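Everything in the sequence shown is counted per the working numbering, starting at 34 for the first residue and increasing by one. Every residue, glycine too, gets a C-beta built ideally from N, C-alpha and C. The structure presented is a predicted model; accordingly, all values stated were derived computationally and were not measured. One structure below.
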Amino acid sequence: MTDDSAVDPRLFQDLVPLGSLKPERQRDLARKAHLQSLAPEEFLFRRGDAADEALYLLEGELVLQDDQGRPLNAILAGQIAARHRIAHQSPRALSARCRTACR
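Following this line, the structure appears as structure tokens:
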């Protein structure tokens, strides 16, 4: 996993509920946010992890898995499901594994 330092507030425009924030709040959030790049087969998070961050899929494809590792749902960047936070319950009820390189 690698982290990129600068987040452009324009990334929030299509994300729910971030796109509805006032521009100055989006700029504040962008200063606190970070981007992660993950390789195929890496886990974004595992079942039971604390949901300390709001996570969105910007690039790639994720598979949500149950506690036995069975695939339940796929999320593809650019689709409606990717505009919403990923499995935001805390602790995480599912695991999220990258099917492709993800950001």
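Hey, residue i and residue j are a contact pair by Cβ (cut 8 Å); roughly how many whole angstroms apart?
i, j, result
"Glu94", "Leu77", "Not quite, the Cβ-Cβ distance comes to about 11 Å (not below 8 Å), so this is no contact."
"Leu97", "Leu127", "5 Å"
Evaluate residue i with the Cβ neighbour count: other Cβ atoms within 10 Å of its Cβ, from every protein chain shown; 16 or more gives buried, anything less gives exposed.
i, result
"Gln122", "exposed"
"Ile119", "buried"
Who are residue i's beta bridge partners in DSSP?
i, result
"Leu97", "Asn106 and Ala129"
"Leu71", "Cys135"
"Phe76", "Arg130"
Here's a check: name, in chain order, each residue in its chain whose Cβ is nearer than 8 Å to the Cβ of residue i, leaving out the five neighbours to either side.
i, result
"Ala115", "Tyr89, Leu90, Leu91, Ile108 and Leu109"
"Phe45", "Leu51, Gly52, Leu54, Gln59, Leu62 and Ala63"
Whose C-beta lies closer than 7 Å to the C-beta of residue i among residues of the same chain, with five residues either side of it excluded?
i, result
"Thr35", "Because the pLDDT of Thr35 is 48, which lies under 50, any placement of that residue in the model is unreliable, and the question is left without a value."
Just to confirm, are residue i and residue j a CB contact at a threshold of 7 Å?
i, j, result
"Asp82", "Arg125", "yes"
"Asp140", "Arg132", "Any answer about residue 140 is impossible in this case: the structure gives the chain only from 34 up to 136."
Can you give me the Cβ contacts of residue i inside the same chain, cut-off strictly under 6 Å, excluding the 5 residues immediately before and after it?
i, result
"Ala87", "Arg118"
"Asp61", "none"
"Ala66", "Val40"
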